[in-house]
Ligand code: MSP
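In the working numbering, the protein residues as written are 149 to 670.
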């Protein structure tokens, strides 16, 4: 079911030393929903996620736990990061780990090629480094410490002391790419989205680029530089290359040509790495730059960026254990305009679960299937004559499907869900207005009752398809209950708005509540 149109999309690769929290989960479900949409639309889709396993942060965490770094990351990936994908019902096509040979060997090949082309030189370096960020900090992100760190320079993001590093380093000539990068942002205005992110990147690059230190010699948990094995490759250079090594860079030209270039979805904290350093590295080797970089906002808890180090971290399972994975996906994707910061609160999650999922969509599905069971012995009735009310629903469905697809093209799952929800609201109002329970009492209204319930069931058919990328579990249950002949996965998303796909005569089965009532604790 592919149209040939390639759609390759990635999450950042996560540091396994942190346990997965809802911030990581947010990026992952957003990418998964976008990938599922394109896959269901017939695009040649590939979704990649993975883990970023080298660097000083990982080495220190392993040492603190008394194990080798490899043993440490193996355990974390196995016990925490693979399970995250199940918890959130993520259908990734691949999972890359930067300690895999398929990655390490190709990273060396890439960096060697940069060296051979004269983009790398040796120099002395002295600067303040944040291990939390794995980054030498620019002046603007260095602040004076307070409390226990009084008198020290600390990282503005982590509020932890910076370390003065002084060593021989190899540098990548990033400064040479300033003009070409600005030209890229100018000619491809969608390269960085949303606009706020684009503006930040453009002004950062305009203010002047310094060459980038790309090797470290003070520790050895990393990929050795091929021409000087006393150095390991800077963890960010290693990490960014995952997007290429995972799709066959250097090993499988056919796969690489089919998939590359990718769309990268990242949190705004790591935008510059993706929108500045990464395209420059690719340009240096004459490879295509990414198709685009989309930076989403931060999840805030109690007004602060949620993070494990600040003890505001919430594990995704805390939410899915109570509300289920569909509600998790729906909540984060619908409640936060993609690209903006959003505050998480349990109250807001519960309220939306109840109003939108249980009372809105869930109730529509239950009562429609229940009425077909009761009034038509579970057989989808044939529609009779149609009036303006019925035709309006058809129009709402068609418009919503078109608007949702356009929103997904803009990387706005929130706007896609808003568009799709016009169907839920219109159908609930339609049922209330047409009172099928009253029509059922009058034999003369039998044909009208059939039209109303067919319209509701066919609207649900469209909803099942359109919402499947966001809520794969509930929509599959609904699909099964509707008795549709073909599998849900075969329904082309861009045809979901075409009216009349559900066949009269299909057998509808009882549907347990899609979003059961949640008992509130404390
Ligand atoms: N390993 C690097 C990325 C390398 S990509 C080549 C890294 N990893 S991370 O584990 O720190 O994950 C960062 C990503 O997790 C963010 O870019 C964002 O996608 C997600 N988030 C982490 N905390 C978040 C919030 N509080 N809110 C939203 N997203 C968050 O950086």
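Note that the Cβ used here is the ideal one computed from N, Cα and C, for glycine as well.
Three CB pairs or more closer than 8 Å across the region 584–601 and the region 636–647: no
Would the region 156–174 count as touching the region 394–412 if we require 3 or more Cβ pairs under 8 Å? yes
Got a sec? Which residues, its chain only, sit under 8 Å from residue 290 by beta carbon, not counting five neighbours each side? The residue labelled residue 290 in the question sits at position 142 within the chain shown. Answer for residue 290: 276, 301, 302, 303, 304 and 310, listed in chain order.
Is the number of C-beta pairs between the region 379–391 and the region 361–371 that are closer than 8 Å three or more? yes
Which runs of the beta strand (DSSP E) fall wholly inside the region 270–320 and span at least 3 residues, in chain order? 290–292, 301–303 and 311–320
Buried or exposed: residue 432, going by 16 or more other Cβ atoms within 10 Å of its Cβ? Numbered from 1 along the chain shown, position 284 holds the residue referred to as residue 432. When all chains shown are included, residue 432 counts as buried.
Do you know how far the Cα of residue 450 is from the Cα of residue 332? Indexing the chain shown from 1 puts residue 332 at position 184. Indexing the chain shown from 1 puts residue 450 at position 302. Looking at the two C-alpha atoms, the distance is approximately 38 Å.
Residue 415: beta carbon under 7 Å from a heavy atom of ligand 1? Sequence index remark: in the chain shown, residue 415 carries index 267 (1-based). Within the cutoff, so yes.
From this set, 616, 191, 188 and 206, which residue's C-alpha is nearest residue 162's C-alpha? Here residue 162 refers to the residue found at position 14 when the chain shown is read from its first residue. That would be 206, whose Cα lies nearest to the Cα of residue 162.
Would residue 574 pass as an interface residue toward chain B - the criterion being a Cβ-Cβ separation below 8 Å? In the structure shown, chain B does not exist; there is a single protein chain.
Quick test of your reading: residue 196 and residue 242, contact by CB under 8 Å. State the CB separation rounded to the nearest angstrom. Your numbering for residue 196 matches position 48 in the chain shown. Your numbering for residue 242 matches position 94 in the chain shown. The pair is a contact, with the Cβ atoms about 5 Å apart (cut-off 8 Å).
Beta-carbon separation of residue 447 and residue 170 under 8 Å? Position 299 of the chain shown holds residue 447. Position 22 of the chain shown holds residue 170. Taking 8 Å as the Cβ cut-off, residue 447 and residue 170 qualify as a contacting pair.
Specify, as a first and last residue, the run of the beta strand (DSSP E) that residue 376 falls within. Within the chain shown, numbered from 1, the residue matching residue 376 stands at position 228. From DSSP, the beta strand (DSSP E) with residue 376 extends over 376–381.
Going by Cα to Cα distance, which pick from 475, 352, 478 and 265 is closest to residue 421? Numbered from 1 along the chain shown, position 273 holds the residue referred to as residue 421. Of the listed residues, the one whose Cα sits closest to residue 421 is 352.
Residue nearest to residue 188 in terms of C-alpha spacing, selected from 616, 604 and 244: Translated into the one-based positions of the chain shown, residue 188 becomes position 40. The shortest Cα separation from residue 188 among 616, 604 and 244 belongs to 616.
If you check the beta carbons only, do residue 346 and residue 442 fall under 8 Å apart? Taking the chain shown and counting its residues from 1, the one referred to as residue 346 is at position 198. Taking the chain shown and counting its residues from 1, the one referred to as residue 442 is at position 294. Not a contact, by the Cβ cut-off of 8 Å.
For residue 520, collect the residues of the same chain with a Cβ closer than 8 Å to its Cβ; drop the 5 residues on either side in sequence, then sort them by chain order. By one-based count along the chain shown, residue 520 stands at place 372. Same-chain partners within the cutoff: 526, 527, 528, 529, 601, 605 and 656.
So residue 487 packs on residue 545, CB below 8 Å; how close in whole Å? As a working mapping, residue 487 is identified with position 339 in the chain shown. As a working mapping, residue 545 is identified with position 397 in the chain shown. Actually they do not touch by this definition, with Cβ atoms about 27 Å apart.
What is the DSSP secondary structure of residue 194, reduced to helix, strand or coil? As a first step, residue 194 is located in the chain shown; it is residue number 46 there, counting from the start. Strand at residue 194.
Three-state class that DSSP yields for residue 362 in the structure shown: For the purposes of this step, residue 362 is identified with residue 214 of the chain shown, where counting begins at 1. Note: residue 362 maps to coil in three-state DSSP.
If you follow the beta strand (DSSP E) that residue 245 is part of, which residue opens it and which one closes it? Translated into the one-based positions of the chain shown, residue 245 becomes position 97. Residues 242–245.
Cβ shell of residue 228 (< 8 Å), same chain only, five flanking positions each side left out: One-based indexing of the chain shown puts residue 228 at position 80. Excluding residues within five positions, the ones whose Cβ falls inside 8 Å are 164, 167 and 168.
From residue 217 to residue 481, what does the alpha carbon distance come to, in whole angstroms? Your numbering for residue 217 matches position 69 in the chain shown. Your numbering for residue 481 matches position 333 in the chain shown. Taking the straight line from one Cα to the other gives about 35 Å.
Scan the region 511–583 and note each continuous alpha helix (DSSP H) run of 4 residues or more that stays entirely inside, going in chain order. 511–524, 536–557 and 561–582
Do residue 567 and residue 552 have their beta-carbon atoms positioned less than 8 Å apart in this structure? For this step, residue 552 is matched to residue 404 along the chain shown. For this step, residue 567 is matched to residue 419 along the chain shown. It is a contact, given that the beta carbons lie within the stated cut-off.
In its own chain, which residues sit with a C-beta less than 7 Å from the C-beta of residue 522, not counting the 5 before and 5 after it? Within the chain shown, the letter at position 374 stands for residue 522. Nothing listed; no residue qualifies.
Tell me whether the region 207–215 and the region 233–249 touch, counting them as touching only if at least three CB pairs, one residue from each stretch, are closer than 8 Å. no
Given a threshold of 16 other Cβ atoms within 10 Å of its Cβ, counted over all protein chains shown, does residue 377 qualify as buried or as exposed? Position 229 of the chain shown holds residue 377. Residue 377 is exposed by the Cβ-count criterion.
With respect to the alpha helix (DSSP H) encompassing residue 356, which residues constitute its N-terminal and C-terminal limits? Numbered from 1 along the chain shown, position 208 holds the residue referred to as residue 356. Segment: none, residue 356 is in no alpha helix (DSSP H) and carries neither H nor E.
To which residues of the same chain is residue 661 closer than 8 Å at the C-beta, ignoring the five residues directly before and after it? The residue given as residue 661 occupies position 513 in the chain shown. So the qualifying residues of the chain are 506, 510 and 514.
Given a threshold of 16 other Cβ atoms within 10 Å of its Cβ, counted over all protein chains shown, does residue 249 qualify as buried or as exposed? Looking up residue 249 in the chain shown gives position 101. Classification for residue 249: exposed.
Residue 399, buried or exposed, once every other Cβ within 10 Å from all chains shown has been counted against 16: Here the question's residue 399 lines up with position 251 in the chain shown. Label assigned to residue 399: exposed.
Proximal residues to residue 571 (C-beta, below 7 Å), its chain only, five neighbours per side dropped: Counted from its first residue, the chain shown places residue 571 at position 423. Around residue 571: 544, 545, 548, 607, 610 and 611.
If you reduce the DSSP assignment to three classes, tell me which class residue 598 lands in. Walking along the chain shown from the start, residue 598 turns up at place 450. Three-state DSSP puts residue 598 in a helix.
Can you check which of these residues, 667, 624 and 592, is closest to residue 474 by C-alpha distance? One-based indexing of the chain shown puts residue 474 at position 326. Of the listed residues, the one whose Cα sits closest to residue 474 is 624.
Bridge partner(s) assigned by DSSP for residue 412: Here the question's residue 412 lines up with position 264 in the chain shown. DSSP, once it has assigned bridges, lists 158 and 441 as partnering residue 412.
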